[in-house]
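Engineer: Sharing a structure here in structure tokens format.
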Amino acid sequence: MSTNNPAERLETFTWIDPAIALEQLPRLSGLDYFSGLRDGSIAPPPIASLMNFDLVDARYGHVEFQCWPGEAHYNPLGMVHGGLACTLLDTVLGCAAHSTLEVGIGYTSIDLAVKYLRPITLNKGELRAEGSVVKSGPRVIFTEGRLSTASGELLATATSTLLIFRRQPGARTT
13 MSTNNPAERL ETFTWIDPAI ALEQLPRLSG LDYFSGLRDG SIAPPPIASL
63 MNFDLVDARY GHVEFQCWPG EAHYNPLGMV HGGLACTLLD TVLGCAAHST
113 LEVGIGYTSI DLAVKYLRPI TLNKGELRAE GSVVKSGPRV IFTEGRLSTA
163 SGELLATATS TLLIFRRQPG ARTT
């Protein structure tokens, strides 16, 4: 959509074919997968490029991401759309659970509850999201997360329940 309007903005992004990373996934524990993301031997998923976030830290049961919202993330009210905050929180909650999983084990979200505490605008700057496992069991994992500014101002919180399952041998991951 081009209107030749001087106020018009354009943003592009690039990503690496996610099938490449997905081929490695069934052979890696959660922590090994995140080590690969951190050291660059595994490409990040396309959503990270689209939403402009990166893995900062991953250890057993805990992950941290940073995000740089831009104008393209604004809603009609002049603030960052809640979907960006929700997506970032969903990411850290799932990744926290994933960090505890052994080779051959997968997960999927059962539920996600987000509480928005403050509006997010570009003047908030870099965002930090962290997710942690609260309780882990053989079938479900309970997680909680926080979204803050780099200076620590709390913007949103979330909880999630994730279902754990054994991946089927030879099953497609795409």
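176 is the number that this note's numbering gives to position 164 of the sequence shown; each next residue is one higher, with no gaps.
All C-beta atoms in this analysis are idealised placements derived from N, C-alpha and C, irrespective of residue type, glycine included.
1. In three-state terms, what does DSSP make of I176?
2. Short of 8 Å in beta carbon distance, which residues of its chain neighbour H74, apart from the five on each side in sequence? Order them along the chain.
3. Within 10 angstroms of the Cβ of V92, are there 16 or more other Cβ atoms? Answer buried if so, exposed if not.
4. Spell out a yes or no on whether the region 120-135 and the region 40-59 are touching, meaning 3 or more CB-CB pairs, one atom from each, closer than 8 Å.
5. Can you check DSSP and say which residues form a bridge with T120?
6. Can you check which of these residues, A84, F46, V126 and L67, is closest to F77 by C-alpha distance?
7. Mapping DSSP to helix, strand and coil, what is G137?
8. To the nearest angstrom, report how far apart P81 and R151 are at their CA atoms.
9. Would you identify the three-state DSSP class for T185, choosing helix, strand or coil?
10. Taking the alpha carbon of V104 as the point to measure from, which residue in S121, G157 and L62 has its own alpha carbon closest?
11. To the nearest angstrom, how far is it from the Cα of E20 to the Cα of L167?
12. Check the C-beta distance from L175 over to Y119 and give it rounded, since I have them as a contact under 8 Å.
13. Measuring only the C-alpha atoms, how far is T186 from I117?
Structural biologist: With the structure as the only source:
1. strand
2. A108, S111, E142, G143, S144 and V145
3. buried
4. no
5. L175
6. L67
7. coil
8. 35 Å
9. Caution applies to T185, whose pLDDT of 48 falls short of 50 and renders its modelled position unreliable; the value that the coordinates give is listed next. DSSP places T185 in coil when its eight states are reduced to three.
10. G157
11. 29 Å
12. 6 Å
13. Any answer about T186 is weak, because its pLDDT of 44 lies below 50 and its placement is not dependable; what the coordinates show is given next. Near 16 Å, if we compare the C-alpha coordinates of I117 and T186.
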